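Letter 73 of the sequence shown, counting from 1, is numbered 73 in this note's numbering, and no numbers are missing.
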Amino acid sequence: MKKGLLCALIVFLADQLSKTWVLSYFANHSSPVRVTPFFNFVLAWNKGVSFSMFHSNHPAMPWVFVTVSLLICAVILYWMSVEKNKATICCFGLIVGGALGNVLDRIRFKAVVDFLDFHIDTYHWPAFNVGDSAICIGAGAILIWNLFFAPTEKLSEPQKENKQ
């Protein structure tokens, strides 16, 4: 559990520090920063969930998203406390840390700060942040591990009753 909480803390701090830097930079600059031919730093405000789905300007929506996120974090923290696999615990920490970073944004700004912009020609992937990345990496690693690598227990055949 401790390693999972440490992972969560590291992700949370990296997420918030990167967002602080981006907000500071874009306070004085308005145009995106081209880093490579396929990657920019931008400032985007996400009022929805992943990839701006369920975007809404309704004043209650940030609080709905905060409540749902905190409930999910509580379930994951419980799951983390009973999990035995250390790698899975760390993946849960990535998810919780990223989610809490986005929760803090919603409380402070009523939207999540996104700034990583990958693109091919004129097609842009929706902007995202460090917390979003950690959530995807943690969930993806858990999914891949459980689908392809997790040991499976031998299933015994049901006991057959001998009818006489």
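Even glycine gets a Cβ: it sits at the ideal position worked out from N, Cα and C. A quick note: this is a predicted structure, and the numbers were derived from the prediction, not measured.
Identified DSSP bridge partners for phenylalanine 128: By 1-based counting over the sequence shown, the position of residue 128 is 128. Phenylalanine 128 pairs with Leu116.
Cutoff 7 Å; reference phenylalanine 12; Cβ partners in own chain excluding five residues on either side: Here residue 12 refers to the residue found at position 12 of the sequence shown. Taken in chain order, the residues that qualify are Gly97, Leu100 and Gly101.
Classification of phenylalanine 92 by the beta-carbon crowding that lies within 10 angstroms, buried from 16 upward: The sequence position of residue 92 within the sequence shown is 92, counting from 1. Burial call: buried.
Inter-stretch contact (C-beta, 8 Å, three-pair minimum) for the stretch 63-76 and the stretch 101-115: The stretch 63-76 vs the stretch 101-115: in contact.
Rounded Cβ spacing between arginine 34 and asparagine 28 (contact assumed at less than 8 Å): By one-based count along the sequence shown, residue 34 stands at place 34. By one-based count along the sequence shown, residue 28 stands at place 28. Contact flag wrong, Cβ pair sits at about 17 Å.
Runs of alpha helix (DSSP H) lying entirely within the stretch 48-85, each at least 4 residues, in chain order: For the stretch 48-85, the continuous alpha helix (DSSP H) assignments of 4+ residues that do not extend past its boundaries occur at 61-82, in sequence order.
Reduced DSSP category for phenylalanine 38 - H, G, I as helix; E, B as strand; rest coil: Locating residue 38 in the sequence shown gives position 38, where the first residue counts as 1. The answer is coil: DSSP assigns phenylalanine 38 none of H, G, I, E or B.
Isoleucine 89 beta carbon less than 9 Å from that of methionine 80: Residue numbering aside, residue 80 sits at position 80 when the sequence shown is read from its first letter. Residue numbering aside, residue 89 sits at position 89 when the sequence shown is read from its first letter. Taking the C-beta atoms as reference points, isoleucine 89 is found nearer than 9 Å to methionine 80.
Touch test, the stretch 43-50 against the stretch 105-123, Cβ-Cβ under 8 Å, three pairs minimum: The stretch 43-50, when compared against the stretch 105-123, does touch it at the 8 Å Cβ threshold.
Buried or exposed by the 16-neighbour rule on C-beta atoms within 10 Å, applied to phenylalanine 128: As a first step, residue 128 is located in the sequence shown; it is residue number 128 there, counting from the start. The residue in question, phenylalanine 128, is buried, as its Cβ has 16 or more Cβ neighbours within 10 Å.
Collapsed DSSP secondary structure at threonine 20 in the structure displayed: Along the sequence shown, one-based indexing puts residue 20 at 20. Helix, per DSSP.
Straight-line gap, lysine 19 to tyrosine 25 (C-alpha atoms, nearest Å): In the sequence shown, counting from the first residue as 1, residue 19 sits at position 19. In the sequence shown, counting from the first residue as 1, residue 25 sits at position 25. Each residue's alpha carbon lies about 10 Å from the other.
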